[in-house]
Amino acid sequence: MKKPLKVLGWGTVAVLGAVAVGTVAVHRGEPINALWLVVAATCCYALGYRFYSRFIAVKILALDGLRATPAERLENGRDFLVTNKWVVFGHHFAAIAGPGPLVGPVLAAQFGYLPGTMWVLAGAVFAGCVQDFVILLFSVRRDGKSLTEMAKDEIGRVGGFVAYVAVISILIILLGVAALIVVNALKASPWGTFTIAMTMPIALLMGVYLRRIRPGKVLEVSALGFVLVLAAIWGGQYVSQNPELARLFTFSASTLAILIMVYGFAASALPVWLLLAPRDYLSTFVKLGTIALLAVGIVALHPTLHMPALTRFVDGSGPVFAGKIFPFAFITIACGAISGFHALISSGTTPKLIARETETRMVGYGAMMCESAVAIMAIIAACVMQPGVYFAINSPAGVVGQAPATAAATISSWGFPVTAADMQALAHAVGEQTLYNRTGGAPAFAVGMAHIFSHSLGGDTLMALWYHFAIMFEALFILTILDAGTRVARFMVQDALGHVYKPLGRTSWYPSILGTSALIVAAWGYFLWQGVKDPLGGINSLWPLFGISNQLLATVALCVATTIIIKMHRAKYAAVTLAPLAWLVAVTFTASWQKMFDPNPRVGFLAQARALAAGPATGATGRLIFNNRLDAAVTGVLVVMVTLVLVESGRQWWGILSGTREAPVKEVPFVRTRLVEERG
Amino acid sequence: MKRIVSGWYILVAALREIFDEAAYARFLDRAGLDSSSEAYAAFRREFDEIKVRRPKCC
Chain A
379 MKKPLKVLGW GTVAVLGAVA VGTVAVHRGE PINALWLVVA ATCCYALGYR FYSRFIAVKI
439 LALDGLRATP AERLENGRDF LVTNKWVVFG HHFAAIAGPG PLVGPVLAAQ FGYLPGTMWV
499 LAGAVFAGCV QDFVILLFSV RRDGKSLTEM AKDEIGRVGG FVAYVAVISI LIILLGVAAL
559 IVVNALKASP WGTFTIAMTM PIALLMGVYL RRIRPGKVLE VSALGFVLVL AAIWGGQYVS
619 QNPELARLFT FSASTLAILI MVYGFAASAL PVWLLLAPRD YLSTFVKLGT IALLAVGIVA
679 LHPTLHMPAL TRFVDGSGPV FAGKIFPFAF ITIACGAISG FHALISSGTT PKLIARETET
739 RMVGYGAMMC ESAVAIMAII AACVMQPGVY FAINSPAGVV GQAPATAAAT ISSWGFPVTA
799 ADMQALAHAV GEQTLYNRTG GAPAFAVGMA HIFSHSLGGD TLMALWYHFA IMFEALFILT
859 ILDAGTRVAR FMVQDALGHV YKPLGRTSWY PSILGTSALI VAAWGYFLWQ GVKDPLGGIN
919 SLWPLFGISN QLLATVALCV ATTIIIKMHR AKYAAVTLAP LAWLVAVTFT ASWQKMFDPN
979 PRVGFLAQAR ALAAGPATGA TGRLIFNNRL DAAVTGVLVV MVTLVLVESG RQWWGILSGT
1039 REAPVKEVPF VRTRLVEERG
Chain B
202 MKRIVSGWYI LVAALREIFD EAAYARFLDR AGLDSSSEAY AAFRREFDEI KVRRPKCC
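Protein chains in written order, with our numbering: chain A, 379 to 1058; chain B, 202 to 259.
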């Protein structure tokens, strides 16, 4: 394309983006159409990719298409493998897309649609995509080394140790929170529980089919499994309408928590092919299909957002979780804008598949943009609901009251009208007994998604089926993360224990498998149990804890990236990673301080412990006090460790820049690729 | 038309990679085996050790 045409084209995108972002930012009063968010996001991503990621690729990283990647040099047909860039892109996106970008933005919608949208766009373009891109490239240049190995090599032993502990902590907190989301979505819901229960025999059937009937035909069996899951959703309606069957599948939150812990232990200890692998395939199949379907549904229906741009809860008095817009909007959104966890994937499987360095831009930066687009869809799904309905679903009984009339009156008094009759009608429409006190974000997202789908396909008569499809979709891939995460954490613990007593490190030694599985399940099960018993719904305490630990891991990743950029003599461009690092430090340290020491018992863990101690004693008071002190201690330990990494990194930067310390680049030497000649 | 066909092939290749069908095909090539219940069991023994160590994001 000729240059004037290119300038005109990109100029049009920039103007359109500015108008859309401006409209989203300054529009007040009348509801806004969701298409404004879609246009704003599309233009921001296009501009960010075309200009900002190119600037990083050319000026800082100096991507070299002639340099052989580990996939080429170390190709072994197993983990190191030269792979088509679109295939790697799909693989990477499937690995980074989880429930975080769906749940976080739904919870943050209590501040209105504006803060979440702005942070998702700016955070992704300037922080999240940059982190994923640079860590992927640096790992490619180091034979696919992991983040913890790079932290140890570039920052020192402290960096490696902190990254290791942060990963384990995040995994455990994440698994506890993820399980809590499933519990809150399925409690007193025979339809949802039946559907999710059915996915287990379906996964077992898929495992046997793959092993015995049609070995290796994974796509075929996943499609078959998907059809069976749809049948289970349809069958769930029958179960929920039959009093005898409904009673069999109606569980309290505590019972569901125990069942999920038993499941997590079994999935971690059973052979992978039998349950974990087929469930993973089924979950990926549903996940990719549903995200595509939701994108089409939003564009086709272009619904109106009923949530205002900003709500009164920016002052920190929100019912979904307590805390002011700064820092809690940024902690809550997590994966939709930046996720430290992505750095593990960018330095895990993906760098071993990249054929040419130049492809890291599309895979690292591009896949995170898609993840961010999923977060925008979640914001839209949450904000298409009437705000009163959104708050009725997401507010814990401890804040709005147990009785429907009391809850409706409390929420209406905040200026978000809703009646008990409205909520009853909605619960009836989606096939539930009640939608009050469904904290965790998943049910609210499911209602929003059902609203969008039922208006695009099938009308109100299919609302209940779409709602349970959405619940199944979320619960299925959260449970997949539970079983995969429990195994990953188990291996990490076994690797560490192997240094103490060799047999403990053997992944095939059953006493070690059972012991470490039980240890990991007990750790996340503790947080799950704490959430289930929390009078404020659990999410209020645990989601910020997860957000803080996840963003602290991103802080470690950005420290590693900044150190390498300085060692590459590109210090004048270090702001590309230093600016998001500074922002994350400000956000996470403020949030951590407030979660530990804020005098408001709804915000500060220690203040809540004091309030409980001063209040009337019940059987659970002692445990609740201990839980709050434990949460404060976990937060404190994480902050201290990341402070150590920051100090250690700062010493490195100062030494290199002042010339008192050598800056050896730890990347493997240049080897010219043979792929260019082979491709002609 | 050519672009559509090429796009379709890439989509299928991506799905085969995500769903490990391509990894199984490479395993059969490398080991010189035909697809069978035993070959798939051997593939899973080798592959699961790598696969279950991969983190999946939140």
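Just so you know, even glycine gets a beta-carbon here, dropped at the ideal spot from N, CA and C.
Fair warning: this is a prediction, and the values are worked out from it, not measured in the lab.
Residues bridged to residue i (per DSSP)
i: A/R1050; result: A/R445
i: A/I410; result: A/L683
i: A/T461; result: A/I732
Environment of residue i [buried if 16+ CB atoms lie within 10 Å]
i: A/G478; result: buried
i: A/E532; result: buried
i: A/N1089; result: No statement about residue 1089 of chain A is possible, as the shown extent of chain A runs from 379 to 1058 and does not include it.
i: B/Y225; result: buried
i: A/L1035; result: exposed
i: A/E408; result: exposed
i: A/L892; result: exposed
i: B/Y210; result: exposed
i: A/S791; result: exposed
i: B/L212; result: exposed
i: A/E622; result: exposed
i: A/D510; result: buried
i: A/H947; result: exposed
i: A/I474; result: buried
i: A/Y879; result: exposed
i: A/Y743; result: buried
i: A/D658; result: buried
i: A/Y888; result: exposed
i: A/V664; result: buried
i: A/F433; result: exposed
i: A/A700; result: buried
i: A/D693; result: exposed
i: A/R1115; result: Residue 1115 of chain A falls outside the range modelled here, since chain A spans only 379 to 1058, and no answer is possible.
i: A/T682; result: exposed
i: A/Q780; result: exposed
i: B/D230; result: exposed
Test item: CB-CB of residue i and residue j under 9 Å
i: A/C422; j: A/G455; result: no
i: A/Q838; j: A/S919; result: In the sequence as presented, Gln is not what sits at residue 838 of chain A; that position holds Asp. No, the pair does not count as a contact, with Cβ atoms beyond the cut-off.
i: A/A449; j: A/I732; result: yes
i: A/L875; j: A/S886; result: no
i: A/T966; j: A/L990; result: no
i: A/V503; j: A/Y430; result: yes
i: A/V866; j: A/A842; result: no
i: A/A505; j: A/A715; result: yes
i: A/L602; j: A/M576; result: no
i: A/I611; j: A/F869; result: no
i: A/L914; j: A/V777; result: yes
i: A/F516; j: A/A964; result: no
i: A/E852; j: A/A901; result: no
i: A/A822; j: A/V484; result: yes
i: A/L413; j: A/W388; result: no
i: A/F539; j: A/M1019; result: yes
i: A/V698; j: A/V910; result: no
i: A/L558; j: A/G1033; result: no
i: A/A486; j: A/G494; result: yes
i: A/F572; j: A/S618; result: yes
i: A/A862; j: A/I944; result: no
Listed by chain order, chain C residues near residue i by CB distance under 7 Å
i: A/R734; result: No chain C appears in this structure, whose protein chains are A and B.
Open item on the list: Does the region 746-764 of chain A come into contact with the region 823-841 of chain A, if we say contact requires no fewer than three beta-carbon pairs (one atom in each stretch) closer than 8 Å?
Closed with: yes
Open item on the list: Check whether the region 1004-1023 of chain A and the region 479-489 of chain A are in contact - that is, three or more C-beta pairs closer than 8 Å.
Closed with: no
Task: Given 8 Å, three or more beta-carbon pairs between the region 742-756 of chain A and the region 436-443 of chain A - done: no
Task: Contact between the region 535-549 of chain A and the region 792-807 of chain A (3+ Cβ pairs under 8 Å) - done: no
Task: Entirely enclosed alpha helix (DSSP H) segments - the region 636-697 of chain A, minimum 4 residues - done: 654-679
- [ ] Take every Cβ of the region 677-693 of chain A, pair it with every Cβ of the region 487-505 of chain A, and state whether three or more of those distances are shorter than 8 Å.
- [x] yes
TODO: Kindly confirm or deny that the region 1029-1046 of chain A and the region 637-651 of chain A touch, where touching means at least three C-beta pairs closer than 8 Å.
DONE: no
- [ ] Scan the region 993-1043 of chain A and note each continuous alpha helix (DSSP H) run of 4 residues or more that stays entirely inside, going in chain order.
- [x] 999-1036
TODO: Just list the alpha helix (DSSP H) runs in the region 892-952 of chain A, keeping only unbroken ones of 4 residues or longer that don't cross its boundaries, in chain order.
DONE: 917-945
- [ ] Starting from the N-terminal side, write out each stretch of the beta strand (DSSP E) that is 3 residues or longer and does not extend beyond the region 770-817 of chain A.
- [x] none
Task: alpha helix (DSSP H) runs contained entirely in the region 503-538 of chain A, provided each spans 4 or more residues - done: 507-518, 525-532
Task: Within the region 545-589 of chain A, ranges of the alpha helix (DSSP H) (whole runs, at least 4 residues) - done: 568-586
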